[in-house]
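Here's the structure, in structure tokens; my notes come after.
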Amino acid sequence: MADELKLMFVAAARPNFMKVAPLLKAVARRNATGGAGRRFRSCLVHTGQHYDAKMSDIFFTELGIAAPDVNLEVGSGSHAVQTANVMLRFEPVVERERPDWLVVVGDVNSTMACTLVAAKLGLRVAHVEAGLRSYDRQMPEEINRIVTDGLADLLLTPSADADENLRREGAAPERIRLVGNIMIDSLIDNLAAARNSGVLARTGVQAGEFAYATLHRPGNVDDRASLTAIFEEFRRLAARIPVVFPLHPRTRKMLAEFQIPTADTPGLRLVDPVGYHDSLCLAENARLVVTDSGGLQEETTYFRTPCLTLRPNTERPVTITLGSNRLTSLATLRADVEASLAGPARRGVIPPFWEGRTADRVLDALT
Ligand code: UD1
Numbered sequence: 001m002a003d004e005l006k007l008m009f010v011a012a013a014r015p016n017f018m019k020v021a022p023l024l025k026a027v028a029r030r031n032a033t034g035g036a037g038r039r040f041r042s043c044l045v046h047t048g049q050h051y052d053a054k055m056s057d058i059f060f061t062e063l064g065i066a067a068p069d070v071n072l073e074v075g076s077g078s079h080a081v082q083t084a085n086v087m088l089r090f091e092p093v094v095e096r097e098r099p100d101w102l103v104v105v106g107d108v109n110s111t112m113a114c115t116l117v118a119a120k121l122g123l124r125v126a127h128v129e130a131g132l133r134s135y136d137r138q139m140p141e142e143i144n145r146i147v148t149d150g151l152a153d154l155l156l157t158p159s160a161d162a163d164e165n166l167r168r169e170g171a172a173p174e175r176i177r178l179v180g181n182i183m184i185d186s187l188i189d190n191l192a193a194a195r196n197s198g199v200l201a202r203t204g205v206q207a208g209e210f211a212y213a214t215l216h217r218p219g220n221v222d223d224r225a226s227l228t229a230i231f232e233e234f235r236r237l238a239a240r241i242p243v244v245f246p247l248h249p250r251t252r253k254m255l256a257e258f259q260i261p262t263a264d265t266p267g268l269r270l271v272d273p274v275g276y277h278d279s280l281c282l283a284e285n286a287r288l289v290v291t292d293s294g295g296l297q298e299e300t301t302y303f304r305t306p307c308l309t310l311r312p313n314t315e316r317p318v319t320i321t322l323g324s325n326r327l328t329s330l331a332t333l334r335a336d337v338e339a340s341l342a343g344p345a346r347r348g349v350i351p352p353f354w355e356g357r358t359a360d361r362v363l364d365a366l367t
């Protein structure tokens, strides 16, 4: 019998679930088809960084993945509290299992915390989505990326710019492997379900005739003046075309804390966080997306839907150089929206290796 490779995957927050799902499915597929190759044993650890049903459970259901083997239930807290809690609770779990590879994805606090624990135990770590850099250390995720990539043994990148960043930081070439964008594996796998999601009818909008807005970065929503001004711009946009705006818990909390009135906003459809299929359907069918999400920059690039990213920088530059994404700011948002609405409904091209076979390349790299 072929020997077995023990893989431990970590998922923590909303954007992680669609990154681990294709990996878990690829493992199951390879084990089922058997053959002479190596078999895999996998274990999924959910750190519990996101815990609301609409931020976590719904993704397991939609993505068709089994409940996690372990849930560390760390919950929310300051960066130090959350990171420390993940480390404390993860250490005995990973020590007990001693996987051949710890596979972490993305750039959330849990990604960094678990990497740090495993590296100190001398376990091998593979980082899926390595090498992305915004070069903005105000962004908590940038710190997480730098620490994770500094420690991981295998740096699995989504695009050539990420390889270049890692080489510039001195990573040995044999640690770096361009595998493509794992998010797109999930997107393609879920496209049929997304197209059947019914979210357009539920939110009362028509394909090509609405904007899809999301906002959750501390840089945008934790500051009163910034959140007030952005909300005002969304209200203005909603006077032109309906805006579907699902509220992330952080954003909902800050709107309440700053007492920004949300009632009486014609055209602005404020809804609870939407699931993955609804979000894909909205991204594919929107006339325009306005966001500060990393994942949506990539998904709109795949759909070629015009996207305005409300951030001073992006760690995903191919979404701009090749894709349909543009950076915007409070000062330029109004003009950028006008220009976008006046321009073509689709633009850009899909970057190389964003074709749905990244999970297989990840498993190849691990073996
Ligand atoms: C986290 C990630 C961010 C990612 C985002 C996606 C870090 C540093 N940030 O940011 O990279 O883009 O997830 O959503 O890892 N809350 C709930 N229910 C939940 C989870 C959070 O109500 O299930 C509320 C809590 O009030 C919490 C706040 O949202 O304090 C923020 O959650 P947190 O996980 O700290 O950061 P996010 O903003 O979600």
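Quick note: the sequence shown, position 50, residue 50 per the numbering used here, numbers continuous. Glycine residues also receive a C-beta, built at the ideal position from the N, C-alpha and C atoms. The structure presented is a predicted model; accordingly, all values stated were derived computationally and were not measured.
Using a threshold of 7 Å, is the CB atom of A13 nearer than that to any non-hydrogen atom of the ligand UD1?
The residue given as residue 13 occupies position 13 in the sequence shown. Correct: A13 has its Cβ closer than 7 Å to the ligand UD1.
Measure the C-alpha to C-alpha separation of V81 and H216 and round it to an integer number of angstroms.
Along the sequence shown, one-based indexing puts residue 81 at 81. Along the sequence shown, one-based indexing puts residue 216 at 216. V81 and H216: Cα-Cα distance of roughly 20 Å.
Restricting to runs no shorter than 3 residues, where is the beta strand (DSSP E) found entirely within the stretch 103-133?
125-128
Should Y212 be counted as a contact of the ligand UD1 given a C-beta to heavy atom distance under 7 Å?
Locating residue 212 in the sequence shown gives position 212, counting from the first residue. For the ligand UD1, not one heavy atom lies less than 7 Å from the Cβ of Y212.
Mark E141 as exposed unless 16 or more other C-beta atoms lie within 10 angstroms of its C-beta, in which case mark it buried.
The residue you call residue 141 lines up with position 141 of the sequence shown. So E141 counts as buried.
State yes or no: is the C-beta of M8 nearer than 7 Å to some heavy atom of the ligand UD1?
By 1-based counting over the sequence shown, the position of residue 8 is 8. Flag unset: Cβ of M8 not near the ligand UD1.
Proximal residues to H277 (C-beta, below 7 Å), its chain only, five neighbours per side dropped
Position 277 of the sequence shown, counting from 1, holds the residue named residue 277. Only E62, N190, A193, A194, S197 meet the Cβ criterion.
Spatially closest choice to R38 from R311, A118, R29, V45, by CA coordinates
One-based indexing of the sequence shown puts residue 38 at position 38. Nearest option by C-alpha distance: R29.
Alpha carbon to alpha carbon, how far is L282 from R202? Give it in angstroms, no decimals.
Your numbering for residue 202 matches position 202 in the sequence shown. Your numbering for residue 282 matches position 282 in the sequence shown. Rounded to the nearest angstrom, the two C-alpha atoms are 11 Å apart.
Please confirm whether M87 and C43 have their CB atoms less than 8 Å apart.
Within the sequence shown, numbered from 1, the residue matching residue 87 stands at position 87. Within the sequence shown, numbered from 1, the residue matching residue 43 stands at position 43. Not in contact: M87 and C43 (Cβ atoms no closer than 8 Å).
Under three-state DSSP, which class holds M254?
What you label residue 254 is simply residue 254 of the sequence shown in a count that begins at 1. M254: helix per DSSP, three-state reduction.
Proximity to P317 [Cα-Cα], best of P273, A162, K6, A152
Along the sequence shown, one-based indexing puts residue 317 at 317. It is A162 whose Cα lies nearest to the Cα of P317.
Could you check what DSSP says for E355 in three-state terms: helix, strand or coil?
For this step, residue 355 is matched to residue 355 along the sequence shown. If DSSP states are grouped into helix, strand and coil, E355 belongs with coil.
Would you list, in sequence order, the uninterrupted alpha helix (DSSP H) runs of no fewer than 4 residues that lie entirely inside the stretch 145-200?
160-168, 182-189, 191-195
Let me check understanding here. Comparing Cα to Cα, which of D100, A113, Y51 lies closest to H79?
If you number the sequence shown from 1, residue 79 lands on position 79. Closest option to H79, Cα to Cα, is A113.
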